[in-house]
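As given, the protein sequences belong to chains C and E, one line each in that order.
Residue numbers for the first sequence follow the UniProt record's numbering, beginning at 1 and rising by one.
Residue numbers for the second sequence follow the UniProt record's numbering, beginning at 1 and rising by one.
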Amino acid sequence: MNDQRPVVIIIFVFVIGLVLLTKLFMIQVMDDSFIRKAERNAIQRVVDHPYRGLVYDRNGKLLVYNNPIFDLMIVPKEFEVGDTTRFLNLFGITKEHLIESYQAARKYSYVKPSTFIKQISTNDFAKIQDFLIDYPGLFIMTRSVRSYPEPVASHALGYIGEISGRQLERDSSGYYVQGDYVGLSGMERFYEDQMRGTKGVKYKMVNVRGIDKGPFKDGEYDTASVAGSNITSSIDMELQKYGELLMQGKTGSVVAIEPKTGEILSMISAPFYDPNSLTGAEFSKSYRALNSLETKPLFNRPIMATYPPGSIFKIVQSLIGLQEGILTPETTFACNKSLVACHNHPSPVNLFGAIRNSCNPYYHQAFRQIINQEVSSNTYKDTEIGLNAWREHVLKFGLGGTLGVDMPNEKKGLVPNSGYYDHYYGNGRWKYSTIYSLSIGQGELLVTPLQMANLAAIFANKGYYYTPHLVKAIDGDKSQIPQEYLTKHEVGVDAHHFDMVQDAMVQALYGTAQRAIMKDIQIAGKTGTAQNPHGEDHSVFIAFAPKDNPQIAIVVYVENAGWGGRAAASTASLMIEKYLKDSISRPDLEKYVITGNFIY
Amino acid sequence: MREKDINISRVDWITVMIYFVLVMIGWFNIYAAVYDGQVDKSIFDTSINSGIQLVWIGTAIAIIIVIMAADYRLFENLAIPIYLVMLVLLLLTPFIGKEVNGQILTIGFGSFRIQPGEFAKFATALALAKFMERPTFDLSKTKYQLQAFGVLLLPIVLIILQPDTGTAMVYFAMLIMFYREGLPQKFYVLGIGIIAIALLALGIENNLYLAGAIVVIVAILIMMGKKTPQQIIAFSVIGIALIAFTYSLDFVVSKLPEHQQNRIMVLFNPDLDPLGVGWNVTQSKIAIGSGGLAGKGYLQGTQTKFDFVPEQHTDFIFCTLGEEFGWLGSFVVISLFVAMITRLVLMAERQKNRFNRIYGYCVISILMFHFMINIAMTIGLFPVVGIPLPFFSYGGSSLWSFTILLFVFIKMDSARALQLGRMG
Numbered sequence: 001m002n003d004q005r006p007v008v009i010i011i012f013v014f015v016i017g018l019v020l021l022t023k024l025f026m027i028q029v030m031d032d033s034f035i036r037k038a039e040r041n042a043i044q045r046v047v048d049h050p051y052r053g054l055v056y057d058r059n060g061k062l063l064v065y066n067n068p069i070f071d072l073m074i075v076p077k078e079f080e081v082g083d084t085t086r087f088l089n090l091f092g093i094t095k096e097h098l099i100e101s102y103q104a105a106r107k108y109s110y111v112k113p114s115t116f117i118k119q120i121s122t123n124d125f126a127k128i129q130d131f132l133i134d135y136p137g138l139f140i141m142t143r144s145v146r147s148y149p150e151p152v153a154s155h156a157l158g159y160i161g162e163i164s165g166r167q168l169e170r171d172s173s174g175y176y177v178q179g180d181y182v183g184l185s186g187m188e189r190f191y192e193d194q195m196r197g198t199k200g201v202k203y204k205m206v207n208v209r210g211i212d213k214g215p216f217k218d219g220e221y222d223t224a225s226v227a228g229s230n231i232t233s234s235i236d237m238e239l240q241k242y243g244e245l246l247m248q249g250k251t252g253s254v255v256a257i258e259p260k261t262g263e264i265l266s267m268i269s270a271p272f273y274d275p276n277s278l279t280g281a282e283f284s285k286s287y288r289a290l291n292s293l294e295t296k297p298l299f300n301r302p303i304m305a306t307y308p309p310g311s312i313f314k315i316v317q318s319l320i321g322l323q324e325g326i327l328t329p330e331t332t333f334a335c336n337k338s339l340v341a342c343h344n345h346p347s348p349v350n351l352f353g354a355i356r357n358s359c360n361p362y363y364h365q366a367f368r369q370i371i372n373q374e375v376s377s378n379t380y381k382d383t384e385i386g387l388n389a390w391r392e393h394v395l396k397f398g399l400g401g402t403l404g405v406d407m408p409n410e411k412k413g414l415v416p417n418s419g420y421y422d423h424y425y426g427n428g429r430w431k432y433s434t435i436y437s438l439s440i441g442q443g444e445l446l447v448t449p450l451q452m453a454n455l456a457a458i459f460a461n462k463g464y465y466y467t468p469h470l471v472k473a474i475d476g477d478k479s480q481i482p483q484e485y486l487t488k489h490e491v492g493v494d495a496h497h498f499d500m501v502q503d504a505m506v507q508a509l510y511g512t513a514q515r516a517i518m519k520d521i522q523i524a525g526k527t528g529t530a531q532n533p534h535g536e537d538h539s540v541f542i543a544f545a546p547k548d549n550p551q552i553a554i555v556v557y558v559e560n561a562g563w564g565g566r567a568a569a570s571t572a573s574l575m576i577e578k579y580l581k582d583s584i585s586r587p588d589l590e591k592y593v594i595t596g597n598f599i600y
Numbered sequence: 001m002r003e004k005d006i007n008i009s010r011v012d013w014i015t016v017m018i019y020f021v022l023v024m025i026g027w028f029n030i031y032a033a034v035y036d037g038q039v040d041k042s043i044f045d046t047s048i049n050s051g052i053q054l055v056w057i058g059t060a061i062a063i064i065i066v067i068m069a070a071d072y073r074l075f076e077n078l079a080i081p082i083y084l085v086m087l088v089l090l091l092l093t094p095f096i097g098k099e100v101n102g103q104i105l106t107i108g109f110g111s112f113r114i115q116p117g118e119f120a121k122f123a124t125a126l127a128l129a130k131f132m133e134r135p136t137f138d139l140s141k142t143k144y145q146l147q148a149f150g151v152l153l154l155p156i157v158l159i160i161l162q163p164d165t166g167t168a169m170v171y172f173a174m175l176i177m178f179y180r181e182g183l184p185q186k187f188y189v190l191g192i193g194i195i196a197i198a199l200l201a202l203g204i205e206n207n208l209y210l211a212g213a214i215v216v217i218v219a220i221l222i223m224m225g226k227k228t229p230q231q232i233i234a235f236s237v238i239g240i241a242l243i244a245f246t247y248s249l250d251f252v253v254s255k256l257p258e259h260q261q262n263r264i265m266v267l268f269n270p271d272l273d274p275l276g277v278g279w280n281v282t283q284s285k286i287a288i289g290s291g292g293l294a295g296k297g298y299l300q301g302t303q304t305k306f307d308f309v310p311e312q313h314t315d316f317i318f319c320t321l322g323e324e325f326g327w328l329g330s331f332v333v334i335s336l337f338v339a340m341i342t343r344l345v346l347m348a349e350r351q352k353n354r355f356n357r358i359y360g361y362c363v364i365s366i367l368m369f370h371f372m373i374n375i376a377m378t379i380g381l382f383p384v385v386g387i388p389l390p391f392f393s394y395g396g397s398s399l400w401s402f403t404i405l406l407f408v409f410i411k412m413d414s415a416r417a418l419q420l421g422r423m424g
């Protein structure tokens, strides 16, 4: 009767074994979601942030380095506050802050660490370090922030900050994640790819409580971070520092370039800010404060502000006239003040005299000849043709377009073409009398201080320039800098035309900028006073020195400082002396510039 | 008439080998479960579970030697006294035992503690065998059915009082032995039917569908049947009873203690509460599921080692195996269990007296239940029940009780030639 029952029982055991093995096959072999779930459980991907590249000045002095800062982390599960008052005093926070931070951490995870107090300074860290042991569940995580030994060159160097949502969306490389730091302005932004380095990844195992249990597979899949490239900037820190000393309390720009290479020696945007304020925990607060100031200290004037160039543009006009054959050194015009205002000087003048005395009527008349070459019998048509031909020359001087400096947000300036006037007056309804202001660098012309400095370099080089740039070497290697900075740009004016112009610029100082004259260094310069419809005129001075074998080309643009000879020329002269001689022989002039009120 | 009790050649070495293989695999897995690469303690280190388990294994071997050396009639003669002593111990446990997690399961002194509930299985098996060996005992008769259930029910009641529902459930495994000994099939058909409907009722959100299905099936049965009034009434009554059962089940479940309710409900919806009740099963499935075909390699598992799976060295020890040795490892171990149980069935059938056979089937029943339910719960096929995997799970009481259970039968089997046939 029961003979088949043992068989039934054996079959039953086999069926159970089969059912279990089938189910196991389903979850172990067929379904790989458990593998991912297990990894999410136990394997934590820890990004090893690379050291961001440092920045040195042209003489090897440190401009930007990384300073360790400390984040206080909390594991809510293990945290015990003990004596609350003592805790609050030690960490320098309020009770509300404590409760708020604790709850935020708790909300994130009860067992996993999260940031409790962000970016504790080295000093504060030293204070709390010894007491941390009294507080289970708190530990320190080290990170680094940018730091600046001298609070200079903030605009050129730029700053870094947490990547924004929009940047993250646009990032096609997939390199960045939320919370990453990225160069937001200046060189930090332009050389982001070189300076950021390469992130490393460590896979570590954690247990159910989130406690580190060592590297996953002995670190087989880990990659080490690669530090970012160090950048040698062309900036001369001492010169930069001196320039900022001179420019304190003023609004404007100083740009100094080594003419032979296009290397920017100094780039000042005044008013400036301390670059150390835009780092670490204070970033957001400082940024908001700086951004709301009326003086706009964050505005990078050398490349973003555009002004009418004023009289310094007369040199460009002279060179175009010479190259076109319209002018010769002997070409003479009378200083006819009925055409345009001028100051008192001998009349008539030749080209040399016109540069030396900055004669407005001369250029009014010369420019008419450049524009109206009677290519067309229709004077309107003739002006249009002449303007566009002239504009081609001007563009070659690096005006009317971005130069391509290694900073973001460079402005183009403006060199109007015929279309520009057509837009305002209608085609065939404007002629030379409409545009004559261009002759003396006024009117619609707009130029950035960087473009002006580049003009000075062109005059110094007798007809060519290298795109101004802030980088001298990457990882100590000159050949790694962008190729465009090693390309010579000719402006299309023969070198011999510059000889007379340079002589005139040396003489010009005696006419309009006597304060800038130095006994032992021959400076070639040109003042300008750009008309400012909103207030006091802007003071501008471009120069290069020494006249033979120029080492430095410079522009100083001081807003609302009145006639250029006083403020801008003095500053430029001191900068030149500082750079060429590394000492100042004229303390009175220095004092005059530093303390001077130019609006008189 | 008998020369020697111990005759090595008559010991069933196949079963003994499987036993030792399982114990050793278990031991290695206990080490894997507690292994911490950062501390790097030896498997023999008695400050960790694997070292302690080795002590248990050593003492289990001593127990085996004692059992094999004992007189084969000893167990039969002492069956009833052992059973009674065990009942007293179970009765006393709640009063003299030590409370852990709301359960009082162990008695003893200091660090030496035993779990009477584990040993009661052995005692009950002996008692059942002794009780049922009488030639007149017939499980098809109600009188004997009640007697047999009575012997079984006493320890069950005492264990539930501890309370240890999991261990108590094991005793129902004796239904397998009862089946072999002739308990009518209708009980099993009825039992399986009720369980099936219960599962359906709990698994299907809306009982209305199930009630509808029952109505349809009853209607079909009536149409296909003899259509006599009695049969129609009988089918209808069964149908109505089933529907009533379906609806009452939700009520019954709602009256269970909350942790038991949750264990049942989580079976049907593991995502119900992944961080709470579902945690064990979810994590256990992740550990096993992440093992893949060949596993992550010995000591390379992350889920069990890093405490994602609770009770990983005791009730959830199978997770370590599944994670580190994959499906192939699971296949080997499950095959070993199936082989051992099959072997035990063959051994039980070759016994010459009823006592030995019934005891053998008790061993089969208990091993089968533990093996089936323990693994099924780790992969979410059965509610979480706190019962160990035989020979595998960490713990002295568990290893000792299974060793005694098994080797007493191996002893009986090895001595079978010395016994008179009493099969009648």
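We treat Cβ as the ideally placed atom computed from N, Cα and C, and that holds for glycine.
In the structure shown, what three-state DSSP assignment does residue i receive?
i, result
"threonine 115 of chain C", "strand"
"threonine 306 of chain C", "coil"
"serine 439 of chain C", "helix"
"threonine 142 of chain C", "strand"
"residue 432 of chain E", "The displayed coordinates of chain E run from 1 to 424. Any statement about residue 432 of chain E would go beyond what the structure contains."
"methionine 169 of chain E", "helix"
"arginine 429 of chain C", "coil"
"serine 377 of chain C", "coil"
"histidine 489 of chain C", "strand"
Between which two residues does the alpha helix (DSSP H) carrying residue i extend?
i, result
"histidine 497 of chain C", "496–512"
"residue 610 of chain C", "With chain C covering only 1 through 600, there is no way to say anything about residue 610 of chain C."
"aspartate 124 of chain C", "122–129"
"isoleucine 320 of chain C", "313–324"
"phenylalanine 407 of chain E", "396–414"
"glutamate 96 of chain C", "95–108"
"proline 81 of chain E", "74–96"
Within the 8 angstroms Cβ cut-off, does residue i reach chain A?
i, result
"glutamine 4 of chain C", "The question asks about chain A, but that chain is absent: this structure's protein chains are C and E."
For the beta strand (DSSP E) containing residue i, name the first residue and the last one.
i, result
"alanine 270 of chain C", "263–270"
"glycine 528 of chain C", "524–530"
"arginine 45 of chain C", "43–48"
"glycine 252 of chain C", "252–258"
"glycine 214 of chain C", "212–215"
Listing by chain order, which chain E residues have their CB less than 7 angstroms from the CB of residue i?
i, result
"isoleucine 16 of chain C", "Met372"
Note down, in chain order, every chain C residue with its Cβ under 7 angstroms from the Cβ of residue i.
i, result
"alanine 376 of chain E", "Leu20"
"methionine 368 of chain E", "Val13"
Chain C partners of residue i, CB-CB under 9 angstroms?
i, result
"leucine 381 of chain E", "Val19, Leu20, Lys23"
What does residue i touch in chain C if you count any residue whose Cβ is under 8 angstroms from its own?
i, result
"threonine 320 of chain E", "Simply none; closest approach about 13 angstroms."
"lysine 285 of chain E", "Ile27, Phe34"
"glycine 37 of chain E", "Lys213, Gly214"
At a CB-CB cut-off below 8 angstroms, which residues of chain E make contact with residue i?
i, result
"valine 206 of chain C", "Phe306"
For this session: Could you list the residues in the region 172–196 of chain E with a C-beta less than 7 angstroms from some C-beta on chain C, going in chain order?
Result: Ile176, Tyr179, Arg180, Gly182
Exercise. In chain order, what residues of the region 289–308 of chain E put their CB closer than 7 angstroms to some CB of chain C?
Worked result: Gly289, Ser290, Gly291, Gly292, Leu293, Thr302, Gln303, Phe306, Asp307, Phe308
Exercise. Per the contact definition of three or more C-beta pairs closer than 8 angstroms, is the region 344–355 of chain C in contact with the region 493–504 of chain C?
Worked result: yes
For this session: Name, going along the chain, the residues of the region 326–345 of chain E whose beta-carbon falls closer than 9 angstroms to a beta-carbon of chain C.
Result: Gly326, Trp327, Ser330, Phe331, Ile334, Ser335, Phe337, Val338, Ile341, Thr342, Val345
Problem set entry | Contact the region 274–288 of chain C vs the region 488–501 of chain C: 3+ CB pairs below 8 angstroms | no
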